[in-house]
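Undergrad:
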Amino acid sequence: MTSGSFPEVRPRRLRSTPALRRLVAETRVHPAQLVLPLFVRDDIVEPAPLQSMPGVVQHTFDSLRGAIADAAEAGIGGVMLFGVPAESAKDALGSGATDPDGVLNAATRIAVEEAGDALVVQTDLCLDEFTDHGHCGVLAPDGSVDNDASLDRYRDMAIEQARAGSQLLGLSGMMDGQTAAVRAALDAEGFENVALLAYAAKYASAFYGPFREAVGSTLRGDRMSYQLDPANRREGVREAVLDVAEGADIVMVKPAMSYLDLVSDVAAAVPVPVWAYQVSGEYAMIEAAAANGWIDRDRAILETLTSIRRAGAEAVLTYWAVEVARTLKGL
Ligand code: PBG
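Just so we're on the same page, my numbering is the position in the sequence shown counted from 1, plus 85.
Right, dumping it as structure tokens:
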């Protein structure tokens, strides 16, 4: 049946064969648009599986090399490194973050050596993995997160990450002015070519739950005083516009699936690449449903990535990056 007045209008024509559907697909996912987050520890001898993220491990320096080689072979665009320091290496200032031999900086040197020009090595620039209180900044005497004192730590952390060879710094701490502070500090040290990925619209999300296991987070309390309220849409756009004005080369929306309106708004508002982070909870939900036989895992994964791209994200951080890239390449 067709509608009476427009008998010739038949949108289903273009859906009638696989070849036609492929030809008219508006959105594609390409391996080069995928970035793999990697967790690295320096106090384990074997990779440690994460219970809440089946298929994801905390790497040793050794297994990190293998993961980078696999990522390069799969043709993904980059890796994002997270350091997981031993409990004994954590303190109130997150000193491990600025130690040239701290786990993240040491891992970065290894990753850069292994990656060569095959992919972009990126690093998480945030204090939460390194502080004993688990916050993304340093604390004022009253226990609140001190914005400007945290910026001083980010400046030093950025310089150490650049020295270690990181090519793109992921500013995920959500302190006001962090992009401008880090840009100025890098430029003053001669690191003008180290690029900044600003987590512009990072929401205080329940979907980070499994990540906290992944990095052994000791957070007490919450991050509501610096991450965005899930209720707010225009505030996310404001953050992205500010980050671009401060010198962000790329801006990130995080998490992805519950924030596709933000991906779309930010893509319309700024002239730099917009990325999205498909976070640990998004990964865990699909893996858990699939393990129960409640969802077609492979279709669900590709559908989420396609949707994130469709909303306007040019690249996606996803724990499935290598697997999806291999599938796309028919490996
Ligand atoms: C903070 C950080 C978090 C994630 C990435 N960087 C957690 C948080 O803000 O509590 C979450 C990533 C994920 O859930 O996959 N450094």
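Heads up, the beta-carbon is just placed ideally off N, CA and C, and yes, glycines get one too.
How about residue 344 and residue 402: do their beta carbons lie closer than 9 Å?
TA: Contact flag unset, no.
Undergrad: Who are the near neighbours of residue 153 in its chain, counting only those whose CB is closer than 7 Å to its CB and skipping five residues on each side?
TA: Taken in chain order, the residues that qualify are 164, 196, 199 and 200.
Undergrad: Excluding the 5 residues flanking residue 357 on each side, which residues of the same chain have their C-beta closer than 8 Å to its C-beta?
TA: Here the set comprises 329, 333, 334, 335 and 336.
Undergrad: Could you name each continuous beta strand (DSSP E) segment of 3 residues or more that falls completely within the segment 262-340, going from the start of the chain to the end?
TA: Within the segment 262-340, the complete beta strand (DSSP E) runs of at least 3 residues are 280-287 and 335-339.
Undergrad: Is any non-hydrogen atom of the ligand PBG found closer than 8 Å to the C-beta of residue 136, if you look at the structure I gave you?
TA: No.
Undergrad: For the segment 131-210, list the alpha helix (DSSP H) runs that are entirely contained and at least 4 residues long, ordered along the chain.
TA: As far as the segment 131-210 is concerned, its whole alpha helix (DSSP H) runs of at least 4 residues are 146-159 and 188-200.
Undergrad: Have a look at the DSSP bridge pairing and note the partners of residue 121.
TA: Partner(s): 164.
Undergrad: Consult DSSP for residue 255 and reduce its assignment to one of helix, strand or coil.
TA: In this structure, residue 255 counts as strand in the three-state DSSP scheme.
Undergrad: Am I right that residue 133 and residue 143 are in contact with their C-beta atoms under 8 Å? What's the rounded C-beta distance?
TA: Residue 133 to residue 143, Cβ: 4 Å. Contact.
Undergrad: Cβ atoms of residue 351 and residue 280: under 9 Å apart, would you say?
TA: Against a cut-off of 9 Å, the Cβ pair of residue 351 and residue 280 comes out as no contact.
Undergrad: Label residue 213 either buried or exposed according to how many other C-beta atoms from any shown protein chain fall within 10 Å of its C-beta, with 16 as the threshold for buried.
TA: Buried, because 16 or more other Cβ atoms sit within 10 Å of the Cβ of residue 213.
Undergrad: Relative to the alpha-carbon of residue 99, which residue among 111, 90 and 91 has its alpha-carbon at the smallest distance?
TA: Looking at the Cα atoms, 111 is the closest of the given residues.
Undergrad: With the cut-off set at 9 Å, would you say residue 431 and residue 166 are in Cβ contact?
TA: One cannot answer for residue 431 here, as it falls past the ends of the chain, which runs 86 to 416.
Undergrad: Counting Cβ pairs, one atom from each stretch, are 3 or more of them under 8 Å apart for the segment 91-98 and the segment 252-269?
TA: No: fewer than three Cβ pairs fall under 8 Å.
Undergrad: Find the nearest neighbour of residue 269 within the set 296, 251, 178 and 240, judged by alpha-carbon distance.
TA: For residue 269, the nearest C-alpha among the options comes from 240.
Undergrad: How long is the line joining the alpha carbons of residue 416 and residue 245, rounded to whole angstroms?
TA: So the two alpha carbons sit approximately 37 Å from each other.
Undergrad: Measuring straight from C-alpha to C-alpha, what distance separates residue 454 and residue 129?
TA: There is no way to answer for residue 454, as the model of the chain reaches only from 86 to 416.
Undergrad: Do residue 182 and residue 215 have their C-beta atoms within less than 9 Å of each other?
TA: Cβ distance < 9 Å, so residue 182 and residue 215 count as in contact.
Undergrad: May I ask you to list the residues that DSSP assigns as paired with residue 126?
TA: Paired residue(s): 169.
Undergrad: Buried or exposed, going by whether 16 or more other CB atoms sit within 10 Å of the CB of residue 414?
TA: Exposed: under 16 other Cβ atoms inside 10 Å.
Undergrad: Over what stretch of residues does the beta strand (DSSP E) that includes residue 420 continue unbroken?
TA: In the structure as shown, the chain starts at 86 and stops at 416, and residue 420 therefore has no counterpart that could be examined.
Undergrad: For the alpha helix (DSSP H) holding residue 344, just list the boundary residues, first then last.
TA: Where residue 344 is concerned, there is no enclosing alpha helix (DSSP H), given that its DSSP letter is neither H nor E.
Undergrad: What residues match up with residue 362 in a beta bridge as DSSP calls it?
TA: Answer is 402, bridged to residue 362.
Undergrad: Kindly indicate which residue of 396, 386 and 359 has the alpha-carbon position closest to the one of residue 409.
TA: Checked all of 396, 386 and 359; the closest Cα to residue 409 is 386.
Undergrad: Express the C-alpha separation of residue 406 and residue 137 in angstroms, rounding to a whole number.
TA: Roughly 18 Å between the two C-alpha positions.
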